[in-house]
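Everything on this sheet refers to the single structure shown next.
Number of protein chains: 2
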Amino acid sequence: MSGHPEPTGPDRAGTTMAADPGEAEMLRRHDASSHEKPFFTVDLVIFTVRDEHLHALLVKRAEPPFKGCWALPGGFLDPRRDASVDACAARKLVEEAGVRAPYLEQLRTYGSRDRDPRGWTATTVYFALMASESVRLLGNQEDARWVRVRGDEVGFDLGFDHARILADAVERLRSKLEYTHIAVHLLPEEFTLPELQRIYEIILQQPLDKSSFRRRVMQADMLEELPGRQRDGFGRPAQLYRFRDYDRQTFFPRSISRHAR
Amino acid sequence: MSGHPEPTGPDRAGTTMAADPGEAEMLRRHDASSHEKPFFTVDLVIFTVRDEHLHALLVKRAEPPFKGCWALPGGFLDPRRDASVDACAARKLVEEAGVRAPYLEQLRTYGSRDRDPRGWTATTVYFALMASESVRLLGNQEDARWVRVRGDEVGFDLGFDHARILADAVERLRSKLEYTHIAVHLLPEEFTLPELQRIYEIILQQPLDKSSFRRRVMQADMLEELPGRQRDGFGRPAQLYRFRDYDRQTFFPRSISRHAR
DNA sequence: TTTTATAGTTGCAAAAAGCAACTATATTTT
DNA sequence: AAAATATAGTTGCTTTTTGCAACTATAAAA
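Going down the list, the protein sequences come from chains L and V. The numbering used here applies: residue -4 is where the first sequence begins, and numbers increase by one. The numbering used here applies: residue -4 is where the second sequence begins, and numbers increase by one.
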């Protein structure tokens, strides 16, 4: 493909003229020259499953605003250090949770005049999934903790609009679990099928049929059996598997739980 | 839950209220000076279906950088005018496409040191869906056009990283069409079932079975029959329907096209 | 009046999911 | 050591959902 648009095409037909072109032009130039910038931060919703429940990592704010309140980890993007927003999120993930490369996905950007008392602020929020075993909390235990998520909240107030952000993140997590394989990122590299099923049950908050679940996961062909390797426990030992392709995002052809309709 | 954390558990310390104004004022100055801000813009991927093909709205840039190039509509957020990022997107939608309230959803935020020659820039991208009938392009025909999307590109280069953004938007659109009802937003308020099916076929790029499609859509119970109202044409007239609830985002229990596995 | 084009329905075969009983293999208990 | 118990994994059948193709319905065009 070349560097120039086609001279012809279906694009000319439906372009009804309307309001004054001079006005639009004026607005465009105004925008370009004013360049007033909002504050820009990156926040993280870091999920894990521990003790049969979904947990999120929260930090206690050491500085105003909302000093002493619990909030999502995150902070200002530093254009000198961060080559990109993604890189900034990865940096903060290391700083806050000491984790190298878990599943990290952008949730969305929240920005408004009044969500931060310091002024117009936009924050791009990422959510991360990790195995609870792989987490090393840095710094003091007192100012960073895993908090159990009940429903879509933690049971107490959070600073800023972080309660709403957390609720959105939980919703996105549930929604993606219905259709994708991302739950594997909440487990260590090697895991068993019953462990994976338990993750789905905990987050979707409903029991799943064992045989249907296995059928579905095996048909998706995402797991690699680790021959001879088993997880011992009380009953019969369970076969260990590994997720086949951590980069590809695959979808189930059906949602896991039947939707109420 | 209430406005106060539980006395026990990991949340014990989350008691403090929001910052007092005097302290916030002090910190505002501190933060403002110590944190460099990136530029912040909002861009739009505006989709419609015309002439049996998916189209996106592109504008020809009047100013550098990429002057003369085609790019996605958008521009700098203005903290004085825009109460939120969402509001900024809605404003730009009116300015660029003269549309009041189509489907508007945030895609994601792209930000890096080198995506704009003017410096570190973050852009939050929204994608909009609208019926081709409802569009009034403002300004000159020459600098805003509907361009046919083939695969996930338009066939010529775009300014900035907009080609990649457009590809991401197309992918998101396809993905959401598999599981949700958003295709109705690409049609006028009243439409027929064959028209809706055609939208799915065009965007998913594959034929769909008539009876399965109807069964699925009717079971989802999202459409309201308009008694006595029909669309005339060559063959048998088609029943007109209206989408029942424009706010609710509902999901199909299965994806529409069978996935290759 | 016949042909053609499109809308919409129906019936059945095929595929997938739900369900429950069954086997397998370990630990714990007696 | 045998029995009880707990968990993993399989199998067979029923029910549900889908895919497919033929069928009917209703208009305009020939």
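Cβ coordinates follow ideal geometry from the N, Cα and C atoms, glycine included. This structure is a prediction, so every number in the text was calculated from the model and none was measured.
When you compare the stretch 79 to 95 of chain V with the stretch 34 to 54 of chain V, are there three or more beta-carbon pairs, one atom per stretch, that lie closer than 8 Å? yes
Positions along the stretch 100 to 112 of chain V whose CB lies within less than 7 Å of some CB in chain L: Q101, R103, T104, G106, S107 and R108
List the residues of chain L whose Cβ lies closer than 7 Å to the Cβ of L72(V), in chain order. Start at 1 with the first residue of the second sequence, and residue 72(V) comes out as number 77. What L72(V) touches in chain L: P33.
Chain L contact for T119(V) (CB, 7 Å cutoff): Numbered from 1 along the second sequence, position 124 holds the residue referred to as residue 119(V). With 7 Å as the cut-off, T119(V) counts as an interface residue toward chain L.
V179(L) CB to nearest chain V CB: under 7 Å? For the purposes of this step, residue 179(L) is taken as residue 184 along the first sequence, with counting starting at 1. So no, V179(L) is outside the interface.
Could you tell me whether the stretch 106 to 125 of chain V touches the stretch 200 to 216 of chain V, where touching means 3 or more Cβ pairs closer than 8 Å? no
Note down the Cα distance separating P59(L) from A66(L), rounded to an integer number of angstroms. For the purposes of this step, residue 59(L) is identified with residue 64 of the first sequence, where counting begins at 1. For the purposes of this step, residue 66(L) is identified with residue 71 of the first sequence, where counting begins at 1. Distance between the alpha carbons of P59(L) and A66(L): 12 Å.
Where does A178(L) sit, in a helix, a strand or coil, going by DSSP? The count along the first sequence starts at 1 and reaches residue 178(L) at position 183. Residue state, collapsed to three classes: helix.
Test: V94(V) CB closer than 7 Å to a CB of chain L: By 1-based counting over the second sequence, the position of residue 94(V) is 99. No, V94(V) lies away from the interface with chain L (no Cβ there is under 7 Å from its Cβ).
Do the stretch 113 to 131 of chain V and the stretch 73 to 92 of chain V make contact, defined as three or more Cβ pairs closer than 8 Å? yes
Using CA atoms only, rank isn't needed, just tell me which of L102(L), G63(L) and A84(L) is closest to D73(L). As a working mapping, residue 73(L) is identified with position 78 in the first sequence. Among L102(L), G63(L) and A84(L), the Cα nearest to that of D73(L) is on A84(L).
Since A123(V) meets chain L, which of its residues come closer than 9 Å, beta carbon to beta carbon? Residue mapping note: residue 123(V) aligns to position 128 of the second sequence, counting from 1. Neighbours of A123(V) on chain L: none; closest Cβ ~16 Å, over 9 Å.
Neighbour list for V44(V) in chain L, Cβ cutoff strictly below 8 Å: Counting from 1 along the second sequence, the entry for residue 44(V) is found at position 49. Correct list: empty, because the minimum Cβ distance to chain L is about 12 Å.
Report all residues from its chain with a CB closer than 8 Å to the CB of L153(L); omit the five preceding and five following residues, and keep chain order. The residue you call residue 153(L) lines up with position 158 of the first sequence. If we look at L153(L) and ignore the five residues flanking it on each side, its Cβ neighbours are L53, C64, W65, A66, L67 and L161.
Under 7 Å between the Cβ atoms of A233(L) and R226(L)? Position 238 of the first sequence, counting from 1, holds the residue named residue 233(L). Position 231 of the first sequence, counting from 1, holds the residue named residue 226(L). In contact: A233(L) and R226(L) (Cβ atoms closer than 7 Å).
With a cut-off of 8 Å on the beta carbons, I'd call T36(L) and F61(L) a contact; round off their distance for me. By one-based count along the first sequence, residue 36(L) stands at place 41. By one-based count along the first sequence, residue 61(L) stands at place 66. So it is not a contact: roughly 13 Å between Cβ atoms.
Let me see if you follow: with CB-CB separation under 7 Å, is A158(L) close to chain V or not? Locating residue 158(L) in the first sequence gives position 163, counting from the first residue. Closer than 7 Å: no.
Suppose you measure from the CA of W115(V) to the CA of R143(L); what does that come to, to the nearest Å? Against the second sequence, residue 115(V) aligns to sequence position 120. Against the first sequence, residue 143(L) aligns to sequence position 148. Whole-angstrom Cα-Cα distance: 37 Å.
Where the alpha helix (DSSP H) containing R209(L) begins and where it ends: As a first step, residue 209(L) is located in the first sequence; it is residue number 214 there, counting from the start. That run of the alpha helix (DSSP H) goes K205 to A215.
Output yes or no for whether 7 Å exceeds the beta carbon distance between F238(V) and V179(V). What you label residue 238(V) is simply residue 243 of the second sequence in a count that begins at 1. What you label residue 179(V) is simply residue 184 of the second sequence in a count that begins at 1. For F238(V) and V179(V), yes; Cβs fall inside 7 Å.
Name, in chain order, the residues that DSSP records as bridge partners for R103(V). In the second sequence, the residue the question calls residue 103(V) occupies position 108. In DSSP, R103(V) forms a bridge with V120(V).
Cβ neighbours of T43(V) in the same chain (closer than 6 Å, five flanking residues each side left out): Numbered from its first residue, the second sequence carries residue 43(V) at position 48. Excluding positions up to five away in sequence, the list reads H50, M125 and S127.
For chain L, check one thing: does any of its Cβ atoms lie closer than 7 Å to the Cβ of V80(V)? If you number the second sequence from 1, residue 80(V) lands on position 85. True, the Cβ-Cβ gap to chain L drops below 7 Å.
Nearest to Y98(L) by CA position, among P222(L), I177(L) and F34(L), is which residue? Here residue 98(L) corresponds to residue number 103 of the first sequence, with the count starting at 1. For the residues P222(L), I177(L) and F34(L), the minimum Cα distance to Y98(L) belongs to I177(L).
What's the C-alpha gap between Q244(V) and K171(V)? Sequence index remark: in the second sequence, residue 244(V) carries index 249 (1-based). Sequence index remark: in the second sequence, residue 171(V) carries index 176 (1-based). C-alpha separation (whole angstroms): 11 Å.
Considering only DSSP beta bridges, list what Y98(L) is partnered with. Taking the first sequence and counting its residues from 1, the one referred to as residue 98(L) is at position 103. Note: Y98(L) sits in a beta bridge opposite L124(L).
Backbone secondary structure at L221(L) - three-state DSSP: The residue given as residue 221(L) occupies position 226 in the first sequence. DSSP places L221(L) in strand when its eight states are reduced to three.
Identify the continuous beta strand (DSSP E) that holds Y195(V) and give its terminal residues. By 1-based counting over the second sequence, the position of residue 195(V) is 200. Not the beta strand (DSSP E): Y195(V) falls in the alpha helix (DSSP H), residues L188 to L199.
Leaving out five residues before and five after Y241(L) in sequence, what residues of the same chain have Cβ atoms less than 7 Å from its Cβ? Within the first sequence, the letter at position 246 stands for residue 241(L). If we look at Y241(L) and ignore the five residues flanking it on each side, it has no Cβ neighbours.
Where does the unbroken beta strand (DSSP E) through L53(L) begin, and where does it stop? As a working note, residue 53(L) is residue 58 in the first sequence. Per DSSP, L53(L) belongs to the beta strand (DSSP E) from H48 to K55.
Between A139(V) and E173(V), what straight-line distance do the alpha-carbon atoms span, to the nearest angstrom? Position 144 of the second sequence, counted from the start, is the residue given in the question as residue 139(V). Position 178 of the second sequence, counted from the start, is the residue given in the question as residue 173(V). Rounded to the nearest angstrom, the two C-alpha atoms are 30 Å apart.
Within chain L, partners of Y174(V) - CB distance below 7 Å: Here the question's residue 174(V) lines up with position 179 in the second sequence. In chain order: Y174.
Note down the Cα distance separating S252(L) from L221(L), rounded to an integer number of angstroms. By 1-based counting over the first sequence, the position of residue 252(L) is 257. By 1-based counting over the first sequence, the position of residue 221(L) is 226. Using only the alpha carbons, I get a separation of about 28 Å.
Please identify the residue among M217(V), G223(V), P189(V) and L218(V) whose C-alpha is closest to the C-alpha of G230(V). Indexing the second sequence from 1 puts residue 230(V) at position 235. G230(V) has its Cα closest to that of P189(V), out of M217(V), G223(V), P189(V) and L218(V).
Just to check my reading of the structure: L218(L) and T187(L) have Cβ atoms closer than 8 Å, yes? What is that Cβ distance to the nearest angstrom? Along the first sequence, one-based indexing puts residue 218(L) at 223. Along the first sequence, one-based indexing puts residue 187(L) at 192. Not really, about 10 Å apart at Cβ, beyond 8 Å.
Report the option in L181(V), M213(V) and D147(V) whose CA atom is closest to the CA atom of E166(V). Along the second sequence, one-based indexing puts residue 166(V) at 171. Per the Cα distances, D147(V).
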